[in-house]
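The structure appears below as structure tokens.
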Ligand SMILES: NC(=O)c1ccc[n+]([C@@H]2O[C@H](COP(=O)([O-])OP(=O)(O)OC[C@H]3O[C@@H](n4cnc5c(N)ncnc54)[C@H](OP(=O)(O)O)[C@@H]3O)[C@@H](O)[C@H]2O)c1
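In the working numbering, the protein residues as written are 89 to 415.
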């Protein structure tokens with residue numbers, strides 16, 4: 089065993105706890121970050137159950153994003169140095185004292201922004217850009233429906249679409265309180281899916297050019313119905329199931345595109361392309377405060393079990409974080 093560090097470890101069905109593991113070694117394109125904050129993602133809960141293993145070569149430790157300070161740089165790293173405050177995306181390893189991030193997946197933390205705020209940004213910004221702006225080719229003046237509108241992803245999607253000039257931002261969420269929050273954040277129409285039928289409401293509003301969905305199940309057919317002519321529907325998860333019976337006829341008649349993506353398994357060059365697009369198109373809005381990290385709760389790393397239980401239970405608005413800093 090080389091140098092050691094603490095990390096959140098998974099041991100069978102035991103509650104998560106901190107344990108000693110080997111500290112990762114910098115590859116040529118990596119920076120080693122002393123982690124202050126790690127973002128929680130729903131994928132972590134799935135990985136913990138053994139159903140979403142890390143891609144080959146990635147850390148076995150959970151955690152797809154972090155913020156902290158660079159303590160070491162790989163031989164090919166340019167433009168980043170020891171002491172830089174950064175946040176970034178990785179394929180694993182964030183729930184730990186130190187983590188590796190490829191230089192192409194790094195963002196410099198703006199002056200005045202805390203590690204916790206910065207740690208809430210990489211995964212949601214990159215996922216929203218990769219799906220709504222890249223895969224679905226959003227154009228200003230289009231209308232967008234976002235399911236899970238107060239999730240980490242949803243709260244960022246609302247803000248990025250506002251900045252990008254969406255005609256109408258529609259969201260679904262599971263309570264009136266969540267719907268009110270989404271409206272305050274910039275949603276034009278917020279639908280409590282527990283008390284209203286989003287398909288009928290979105291159709292009454294003229295339909296959606298783009299639909300971002302993580303629910304799946306019976307939403308697959310309803311999304312096809314709620315989409316406008318030429319609409320694009322992208323799934324980033326299928327929480328209610330991916331095996332469904334669907335009538336595809338409207339797909340053909342409305343010339344729809346039904347697609348889906350993941351972020352984690354992409355090559356680093358593709359993640360760098362996404363990072364660069366965000367820096368060009370949306371980072372100015374982060375610097376100006378037009379796009380804000382939305383944080384629900386910050387837990388210490390030794391309470392990772394409670395943090396994941398919170399995410400599993402739901403009810404949160406925005407991101408749940410693990411951090412050494414509780415404010
Ligand atoms: N493919 C990718 O690249 C990628 C990347 C990042 C995240 N994701 C996925 O995207 C989803 C959101 O991620 P996150 O980290 O933001 O997680 P999160 O905050 O836990 O969001 C999950 C959301 O799903 C909503 N939801 C559950 N059932 C719903 C329903 N029937 N209708 C509408 N909304 C419903 C929940 O809202 P209510 O509490 O209001 O029901 C909650 O806000 C997760 O499933 C995650 O795995 C995929």
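Here a beta-carbon is modelled for each residue, glycine too, at the ideal position from N, C-alpha and C. Owing to the predicted nature of the structure, the values given are computational and were not obtained by experimental measurement.
Report all residues from its chain with a CB closer than 7 Å to the CB of residue i; omit the five preceding and five following residues, and keep chain order.
i	result
residue 129	152, 211
residue 349	218, 219, 223, 322, 324
residue 395	128, 387, 408, 410
Does the beta-carbon of residue i have 16 or more other beta-carbons within 10 angstroms, so that it is buried, or is it exposed?
i	result
residue 295	buried
residue 335	exposed
residue 401	exposed
residue 407	buried
residue 282	exposed
residue 139	exposed
residue 242	buried
residue 353	exposed
residue 91	exposed
residue 357	exposed
residue 377	exposed
residue 247	buried
What number of angstroms, rounded off, separates the C-alpha of residue i from the C-alpha of residue j?
i	j	result
residue 110	residue 262	42 Å
residue 122	residue 367	23 Å
residue 251	residue 161	34 Å
residue 143	residue 200	35 Å
residue 180	residue 112	11 Å
residue 102	residue 330	29 Å
residue 202	residue 285	39 Å
residue 99	residue 170	33 Å
residue 311	residue 340	14 Å
residue 345	residue 318	7 Å
residue 292	residue 399	33 Å
residue 208	residue 159	21 Å
residue 187	residue 228	37 Å
residue 108	residue 141	21 Å
residue 361	residue 355	10 Å
residue 304	residue 148	28 Å
residue 372	residue 414	27 Å
residue 397	residue 273	26 Å
Using a Cβ-Cβ cut-off of 6 Å (strictly less than) and excluding sequence neighbours within five positions of residue i, which residues of its own chain qualify?
i	result
residue 313	287
residue 132	150
residue 278	259, 267, 270, 271
residue 306	none
residue 264	280
residue 195	175
residue 116	162, 163, 164
residue 114	120, 160, 162
Is residue i near residue j, with beta carbons less than 8 Å apart?
i	j	result
residue 88	residue 404	Since the displayed the chain opens at 89 and closes at 415, residue 88 lies outside it and no answer follows.
residue 173	residue 157	yes
residue 93	residue 185	yes
residue 379	residue 370	yes
residue 332	residue 308	yes
residue 386	residue 198	no
residue 237	residue 275	yes
residue 168	residue 191	yes
residue 205	residue 338	no
residue 216	residue 165	no
residue 104	residue 392	yes
residue 124	residue 155	yes
Between residue i and the rest of its own chain, which residues show a CB-CB distance below 8 Å, the 5 nearest in sequence each way excluded?
i	result
residue 347	223, 224, 320, 321, 322, 323
residue 177	152, 153, 189, 193, 210, 211, 214, 351, 359, 363
residue 232	220, 226, 245, 249, 254, 256, 257, 258, 296, 297, 298, 299, 300
residue 389	94, 96, 106, 126, 183, 410, 411, 412
residue 316	231, 294, 295, 296, 297, 342
Would you please verify whether the beta carbon of residue i is less than 8 Å from any beta carbon of chain C?
i	result
residue 181	The question asks about chain C, but that chain is absent: this structure has only one protein chain.
Beta strand (DSSP E) runs wholly inside the segment 344-381, at least 3 long, in chain order: Scanning the segment 344-381 from its first residue to its last, the whole beta strand (DSSP E) runs of 3-plus residues come out as 345-348.
Runs of beta strand (DSSP E) wholly within the segment 263-298 (minimum 3 residues, chain order): Every beta strand (DSSP E) stretch that sits fully inside the segment 263-298 and reaches 3 residues is listed by chain position as 277-280.
Start-end ranges of the beta strand (DSSP E) lying completely within the segment 389-415, minimum 3 residues: Taken in chain order, the unbroken stretches of beta strand (DSSP E) that lie wholly in the segment 389-415 and span 3 residues or more are 407-411.
Unbroken stretches of the alpha helix (DSSP H), 4 residues or longer, contained in the segment 116-147: You should have 130-136.
Segments assigned beta strand (DSSP E), at least 3 residues, entirely inside the segment 227-265: You should have 231-234, 256-261.
Length at least 3, wholly inside the segment 169-229: the beta strand (DSSP E) runs in chain order: The beta strand (DSSP E) runs lying completely inside the segment 169-229 and spanning 3 residues or more are 173-177, 186-190, 194-196, given in chain order.
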